[in-house]
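Chain order of the listed sequences is A and B.
Note that the numbering used here has the first sequence beginning at 2, numbered continuously upward.
Note that the numbering used here has the second sequence beginning at 2, numbered continuously upward.
We put the beta carbon where it would ideally sit given N, CA and C, even for glycine.
Protein chains: 2
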Amino acid sequence: MTIADIARRTGVSVSLVSFVLTGRKDVAAETRQRILDAIRETGYRPNSHARSLATRRAEAMAIAFEVRGYQDAFVLHFLAALGQRLSEHRQRLVLVSPRSSQDLLSLALERSVDAILVMDVKRPDRRVELLRKHDVPVVLFGQPHPEGGFAVDVDYAQAAALVANRLRERGHVRAGLVGGPESYGYIRDRVQAWRTALRAAGLVVAGRWSTGLSEAAGRSAAMEALARVPRPDALVAVTDALAIGAEHGALELGLRIPEDVAVVGFGDIPSAAWAPVPLSTVHVPIEEMGAAAADLLLEAARRDPPRAQLFPTQFVNRASV
Amino acid sequence: MTIADIARRTGVSVSLVSFVLTGRKDVAAETRQRILDAIRETGYRPNSHARSLATRRAEAMAIAFEVRGYQDAFVLHFLAALGQRLSEHRQRLVLVSPRSSQDLLSLALERSVDAILVMDVKRPDRRVELLRKHDVPVVLFGQPHPEGGFAVDVDYAQAAALVANRLRERGHVRAGLVGGPESYGYIRDRVQAWRTALRAAGLVVAGRWSTGLSEAAGRSAAMEALARVPRPDALVAVTDALAIGAEHGALELGLRIPEDVAVVGFGDIPSAAWAPVPLSTVHVPIEEMGAAAADLLLEAARRDPPRAQLFPTQFVNRASV
DNA sequence: CTGTTAGCGCGTTCAA
DNA sequence: TTGAACGCGCTAACAG
Numbered sequence: 002m003t004i005a006d007i008a009r010r011t012g013v014s015v016s017l018v019s020f021v022l023t024g025r026k027d028v029a030a031e032t033r034q035r036i037l038d039a040i041r042e043t044g045y046r047p048n049s050h051a052r053s054l055a056t057r058r059a060e061a062m063a064i065a066f067e068v069r070g071y072q073d074a075f076v077l078h079f080l081a082a083l084g085q086r087l088s089e090h091r092q093r094l095v096l097v098s099p100r101s102s103q104d105l106l107s108l109a110l111e112r113s114v115d116a117i118l119v120m121d122v123k124r125p126d127r128r129v130e131l132l133r134k135h136d137v138p139v140v141l142f143g144q145p146h147p148e149g150g151f152a153v154d155v156d157y158a159q160a161a162a163l164v165a166n167r168l169r170e171r172g173h174v175r176a177g178l179v180g181g182p183e184s185y186g187y188i189r190d191r192v193q194a195w196r197t198a199l200r201a202a203g204l205v206v207a208g209r210w211s212t213g214l215s216e217a218a219g220r221s222a223a224m225e226a227l228a229r230v231p232r233p234d235a236l237v238a239v240t241d242a243l244a245i246g247a248e249h250g251a252l253e254l255g256l257r258i259p260e261d262v263a264v265v266g267f268g269d270i271p272s273a274a275w276a277p278v279p280l281s282t283v284h285v286p287i288e289e290m291g292a293a294a295a296d297l298l299l300e301a302a303r304r305d306p307p308r309a310q311l312f313p314t315q316f317v318n319r320a321s322v
Numbered sequence: 002m003t004i005a006d007i008a009r010r011t012g013v014s015v016s017l018v019s020f021v022l023t024g025r026k027d028v029a030a031e032t033r034q035r036i037l038d039a040i041r042e043t044g045y046r047p048n049s050h051a052r053s054l055a056t057r058r059a060e061a062m063a064i065a066f067e068v069r070g071y072q073d074a075f076v077l078h079f080l081a082a083l084g085q086r087l088s089e090h091r092q093r094l095v096l097v098s099p100r101s102s103q104d105l106l107s108l109a110l111e112r113s114v115d116a117i118l119v120m121d122v123k124r125p126d127r128r129v130e131l132l133r134k135h136d137v138p139v140v141l142f143g144q145p146h147p148e149g150g151f152a153v154d155v156d157y158a159q160a161a162a163l164v165a166n167r168l169r170e171r172g173h174v175r176a177g178l179v180g181g182p183e184s185y186g187y188i189r190d191r192v193q194a195w196r197t198a199l200r201a202a203g204l205v206v207a208g209r210w211s212t213g214l215s216e217a218a219g220r221s222a223a224m225e226a227l228a229r230v231p232r233p234d235a236l237v238a239v240t241d242a243l244a245i246g247a248e249h250g251a252l253e254l255g256l257r258i259p260e261d262v263a264v265v266g267f268g269d270i271p272s273a274a275w276a277p278v279p280l281s282t283v284h285v286p287i288e289e290m291g292a293a294a295a296d297l298l299l300e301a302a303r304r305d306p307p308r309a310q311l312f313p314t315q316f317v318n319r320a321s322v
């Protein structure tokens, strides 16, 4: 069943069918209806490859990230919002966890996708550089590059100020920073933003621990941090999972939260509310970011002028501060 | 840059280039090398749409599920394994959270994908029925359909027996079942399997609670269950999130875990080890299942004879039993 | 408004 | 081994 079959069946030419399919106005209402009827009756669907070949548009976007690098559901919410917005624009979403920069490049050069959203951006990032060199439309999930380009991310400066100010208000003065592997660009960005903001708020940053991203890593980081003299009276973690682990560590040491030591996370994952001590953390508007990312992909594919969009966060005060 | 450019540049015909591209043996070694060189020098990549149009194969698979329905990272691990295996076979992975059965059907009928993996299967499932009616290769993430078809899932009967036997060994006699919305096929399957196995192991199933899938739902279900007289001495939840919520509920009631009441989850999500009382649960080989699902998709696309694959689970004993 | 036709880029007979 | 030519299904000039 092809467009020619519909044309024959309706007694019109293929171009008219094509016009109807692509939504052009200049077709007689009566003719249009006959074509529409034939399409409905036969269940005809245009072949996407033939269309893409002719239009030179894939009608698909790629999202690239190391799936195994994510422990919590935030990516899923992001994907959900991104996918929904894309589907509203009749765009498909292709998921890739590229093992090499080449994989990603191939996807674009083979014209399988119109634009690529790259997450886990490191600096410098080989994948992004390669894509840019080949003039592939790219959107970064990460802090905007100084040289420009499309980007969507959290406004870490604002988020960190939120945390720092809250801590200061509550009278905390010595903060231990529970970081993570700084090979991840976003961890690095956060650690840096937090440190700057804590200092700006007048707190002492009593060291920094960076290991993995699991609860276990948070736990051991906390235990190390709290062994210091003088002991920090606040633990600031760059993810909720780390913060939850930190709570365990503090509790095991016999400390009270938040009386002896406050704990703050980042992300507001569902289980944050179910930590040993309900976690005070920073809520990220992940769904809006997903929708925004979709818009940026569309713009990048159209080669609109680049644009970066940073999202403000909110402090969620539960019991750990 | 097209296949014709490479041919011209090398001084051979397009068919030879095509032969090399598709890995046919009958090309003179010297000719092959010259073509390969030209491809490398120019950075030429075949256009995937032209290829798909000619071969009638999309070289892409779809995975369909309601992304918002997932709270934990298990889907991500599944996606990771699935995607990796697919990419080894040069297949792309298209993610869809279809709002209508039609969306899904379009994807296949427009030849955008070769096969579809459907998750969250309900019974009966409109999406699956529609796809089958149109002869679209489908793989189910869910219990195999009596009428056959491709399917991958956990062996719930085995998993439930594992839990039931462990509970009995520990001397528990009255179990409360913490279920979830039975509109989800997999919840229904689990509830049924657990109930059957608990009874078979000689335990009394002291009621069943099904609300949402969040920790909050688990907590309130547990509080209701534990208010009963006689009080259940074990809470069996169909997901870890529910189990973690149940622990909170039991603890708030002043009960000791596992002395007063045992709690068992399902899934072995990362945070299970970080529950208030480290959760005893059932570990699911999710990565193997992802790889298996990829294989099944490939087979389905090839129209191989249907096959269902059920995976055994393991009991992870931590502290809540 | 409607029809004809030339690509889009690649795979694949069929001859040579 | 190699090459010429057709077909895959659709879009978009262009002509009428």
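Assign residue 115 of chain A to one of three DSSP states: helix, strand, or coil. coil
Buried or exposed by the 16-neighbour rule on C-beta atoms within 10 Å, applied to residue 260 of chain B: exposed
Tell me where the beta strand (DSSP E) around residue 64 of chain B begins and ends. 61-65
So with Cβ pairs under 7 Å, would you call residue 84 of chain B a contact of chain A? yes
If the cut-off is 9 Å on Cβ atoms, which residues from the stretch 207-218 of chain A count as contacting chain B, listed in chain order? 215, 216 and 217
Run the CB neighbour count on residue 135 of chain A, radius 10 Å, all protein chains shown included, and call it buried at 16 or more, exposed below. exposed
Please report the distance separating the alpha-carbon of residue 113 of chain B from that of residue 49 of chain A. 6 Å
If we ignore side chains and look at the alpha-carbon of each, how far apart do residue 179 of chain A and residue 217 of chain A end up? 12 Å
Would you mind working out which of B:83, B:4 and B:59 sits nearest residue 303 of chain B, comparing C-alpha positions? B:59
Assuming residue 152 of chain B is part of the beta strand (DSSP E), what are its boundary residues? 151-155
DSSP three-state assignment for residue 330 of chain A, whether helix, strand or coil: Residue 330 of chain A cannot be examined here, being either before or after the span of chain A that is shown, 2 to 322.
Note down the Cα distance separating residue 199 of chain B from residue 241 of chain B, rounded to an integer number of angstroms. 18 Å
Interface partners of residue 110 of chain B on chain A, CB under 8 Å: 44 and 46
Selection from A:243, A:66, A:3 and A:57 that minimises the alpha carbon distance to residue 36 of chain A: A:3
Which residues in chain B have a C-beta closer than 7 Å to the C-beta of residue 71 of chain A? List them in chain order. 74 and 77
First and last residue of the uninterrupted beta strand (DSSP E) at residue 177 of chain A: 175-179
Using only the alpha-carbon positions, how far apart do residue 225 of chain A and residue 232 of chain A sit? 10 Å
Residue 251 of chain A CB to nearest chain B CB: under 7 Å? no
Look at the Cβ atom of residue 283 of chain B, then the Cβ atom of residue 267 of chain B, and state whether they are nearer than 7 Å. yes
Own chain residues within Cβ distance below 6 Å of residue 190 of chain A, not counting five before or after: 144 and 157
Could you check how far apart the C-beta atoms of residue 56 of chain B and residue 7 of chain B are, in whole angstroms? I think they sit under 8 Å. So it is not a contact: roughly 19 Å between Cβ atoms.
is_contact[residue 275 of chain A, chain B] using C-beta, thresh 7 Å: yes
Thinking C-beta only, is residue 246 of chain B closer than 7 Å to residue 219 of chain B? yes
Do residue 294 of chain B and residue 116 of chain B count as a contact pair if the criterion is CB distance below 7 Å? no
What's the C-alpha gap between residue 171 of chain B and residue 285 of chain B? 22 Å
Is the beta carbon of residue 128 of chain A sitting closer than 7 Å to the one on residue 102 of chain A? yes
Put residue 44 of chain A into one of helix, strand or coil per three-state DSSP. coil
Closest Cβ-Cβ distance between residue 94 of chain A and chain B: below 7 Å? yes
Contact set for residue 32 of chain B: own chain, Cβ-Cβ below 7 Å, skip 5 residues either direction: 13 and 17
Please confirm if residue 90 of chain A has its CB atom under 7 Å from at least one CB of chain B. no
I'd like to know whether the C-beta of residue 283 of chain A is nearer than 7 Å to at least one C-beta of chain B. no
For a contact meaning CB atoms closer than 7 Å, what does residue 102 of chain B contact in chain A? The contacting residues do not exist; residue 102 of chain B stays about 14 Å from chain A at best.
Do you know offhand how far residue 192 of chain B's Cα is from residue 256 of chain B's? 25 Å
Please name the residue in B:121, B:131, B:139 and B:272 whose C-alpha comes closest to that of residue 183 of chain B. B:121
Relative to the C-alpha of residue 105 of chain A, which residue among A:9, A:67, A:75 and A:124 is closest? A:67
Please name the residue, chosen from A:314, A:71 and A:202, that lies closest to residue 185 of chain A on a Cα-to-Cα basis. A:71
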